[in-house]
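Chains as they are written, first to last, in the working numbering: chain A, 1 to 192; chain B, 1 to 192.
See below for the structure under consideration.
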DNA sequence: TAGACTATCCAGACCTGTCTGTATGGTTTA
DNA sequence: TAAACCATACAGACAGGTCTGGATAGTCTA
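So this is what it looks like as structure tokens:
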């Protein structure tokens with residue numbers, strides 16, 4: 001079977017395995033040897049697809065952005081059917097994520113902190129991702145409160161990011177409720 | 001000069017150097033060799049004071065909590081003279097921190113993410129620290145809006161944590177303004 | 001249809017460097 | 001004298017990365 005470089009089985013296994021391991025144990029804590037062992041891939045194959053570990057990291061981040069986007073595209077409408085309000089649906093989806101097994105915070109926050117270098121390609125990718133993610137949040141806020149709450153979107157972004165990191169530290173999904181409550185009050189105050 | 005174990009010069013240099021290096025480059029990225037080299041301390045001396053690197057990490061976190069506490073105890077009243085409102089003073093102090101050279105987020109958030117293990121003593125220390133820090137924030141909120149805004153404190157905590165991680169990712173102190181604005185609106189809405 | 005070619009892959013030895021932690025021995029100083 | 005320290009060599013594990021060799025399978029050509 002002919003495969004292009006970006007759709008090979010080995011490559012897919014590498015990215016998915018690295019994503020799982022990096023998220024669970026940290027990017028720096030997981031070595032190349034463990035990734036290839038759990039992916040069932042030879043070392044030479046890894047280095048045929050990715051010149052260095054940094055390139056694998058970048059591929060993992062891109063893969064995770066797809067997964068995150070897909071999750072919210074599915075979970076927010078699902079919760080909305082019950083919650084009605086888009087804001088309530090957003091934070092319900094967040095809370096569901098916080099409570100899911102294996103939750104260990106936001107992989108993108110984690111990457112920036114682990115990589116430490118502001119010029120690292122992974123760090124720069126995360127900056128781009130957060131812009132896209134917060135644009136998605138802004139759209140959701142618009143849908144919830146209309147143009148009246150234009151200035152609300154940045155606050156919702158801060159609440160979301162803060163809830164994620166607090167859920168990680170406290171090992172509790174409760175910050176989602178705190179953030180939702182604050183977002184609703186801000187929306188009401190803004191004349192939504 | 002007779003020194004007790006906890007006040008020796010070598011120990012102080014080790015903790016201060018490790019604190020600086022861990023914060024700048026990450027706990028896992030900084031090896032023992034680099035710490036002792038920059039601290040001007042022999043390896044045997046380090047292991048005489050700290051049985052393992054984990055113990056040094058714990059000492060660093062404790063040292064940093066003192067530093068953070070001291071910073072807010074100084075900076076908030078200083079900004080308050082100009083800002084008037086305690087909430088404004090808090091977020092002005094935060095913004096000053098975000099804009100300071102070498103800012104790389106919250107060392108405690110970073111530690112939890114880097115250590116990855118929820119049972120690591122460092123992770124558990126951070127949970128305790130965050131409780132103490134958020135209690136400090138709650139007291140500050142009480143001073144700002146009185147008992148009317150009792151439920152405001154958790155939201156302020158989420159806003160603060162979120163602003164820190166967003167300032168790190170965006171390399172901008174602007175999230176402090178977003179968080180302040182949201183906190184003020186919430187305080188006003190709560191009848192403060 | 002047989003055989004050669006090519007791409008992709010697995011397995012694993014190997015390199016250099018760094019990691020945490022231990023051990024030894026000499027120097028300072030109270 | 002004895003505690004605290006510095007300097008250094010060492011151990012074993014592991015890091016990221018290179019390289020060789022062999023297996024598999026699809027494709028092209030006679």
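Backbone N, C-alpha and C fix where the C-beta goes; we use that ideal spot for every residue, glycine too.
What you are looking at is a predicted structure, and each value in this text was computed from that prediction instead of being measured.
- Residue 31 of chain A has its alpha-carbon roughly 10 Å from the corresponding atom of residue 37 of chain A.
- Nearest to residue 10 of chain A by alpha-carbon distance, out of A:20, A:29, A:44, is A:44.
- Closer than 8 Å to the CB of residue 29 of chain B there is at least one CB belonging to chain A.
- Scanning chain A for C-beta atoms nearer than 8 Å to the C-beta of residue 43 of chain B yields nothing, as the closest lies near 23 Å away.
- When Cβ pairs closer than 8 Å are counted between the two stretches, the segment 52 to 70 of chain B is seen to touch the segment 17 to 33 of chain B, the count reaching three or more.
- Taking a Cβ-Cβ cut-off of 8 Å, the neighbours of residue 170 of chain A in chain B comprise 127, 130, given in sequence order.
- Contact between residue 160 of chain B and residue 94 of chain B holds: CB atoms are separated by about 7 Å, below the 8 Å threshold.
- Our two residues, residue 184 of chain B and residue 88 of chain B, have alpha carbons roughly 8 Å apart in a direct line.
- Taking 9 Å as the Cβ-Cβ cut-off, the segment 38 to 66 of chain B has no residue approaching chain A.
- For residue 96 of chain A, the enclosing alpha helix (DSSP H) begins and ends at 86 to 99.
- Excluding five sequence positions before and after residue 105 of chain A, the CB atoms of its chain that fall closer than 8 Å to its own CB belong to 164, 165, 167, 168, given in chain order.
- Straight through space, the alpha carbons of residue 121 of chain B and residue 175 of chain A are spaced by roughly 23 Å.
- Here the alpha carbons of residue 134 of chain B and residue 33 of chain A stand approximately 41 Å from one another.
- Against chain B, a Cβ distance below 8 Å from residue 77 of chain A picks out nothing, because the smallest value is about 25 Å.
- Residue 39 of chain B and residue 13 of chain B do touch by the CB rule: their CB atoms are close to 4 Å apart, below 8 Å.
- Here DSSP, grouped into helix, strand and coil, assigns residue 27 of chain B to coil.
- The closest CA to that of residue 8 of chain A, considering only A:49, A:35, A:21, is found on A:49.
- Beyond the five residues adjoining it in sequence on each side, residue 108 of chain A comes within less than 6 Å, by CB distance, of 126, 129 in the same chain, given in chain order.
- Going by C-alpha positions, residue 76 of chain B is about 16 Å away from residue 179 of chain B.
- Relative to the Cα of residue 97 of chain A, the nearest Cα in the group A:138, A:118, A:79 belongs to A:79.
- Per DSSP, residue 122 of chain A is one residue of the alpha helix (DSSP H) stretching across 121 to 145.
- Using beta-carbon distances, residue 32 of chain B does not count as an interface residue toward chain A, since no partner is under 8 Å.
- Exposed is the label assigned to residue 99 of chain A, since fewer than 16 other Cβ atoms lie within 10 Å of its Cβ.
- Within 8 Å of the CB of residue 122 of chain B, no CB atom of chain A is found; the nearest one sits about 12 Å away.
- DSSP, read as helix, strand or coil, puts residue 174 of chain B in coil.
- Rounded to the nearest angstrom, the gap between the Cα atoms of residue 46 of chain B and residue 153 of chain B is 41 Å.
- Of all alpha-carbon atoms in B:82, B:22, B:142, the one lying nearest the alpha-carbon of residue 150 of chain B is that of B:142.
- In the structure shown, residue 50 of chain A adopts coil according to DSSP, grouped into three states.
- In this structure residue 114 of chain B is buried. Its beta-carbon is surrounded by 16 or more other beta-carbon atoms within 10 angstroms.
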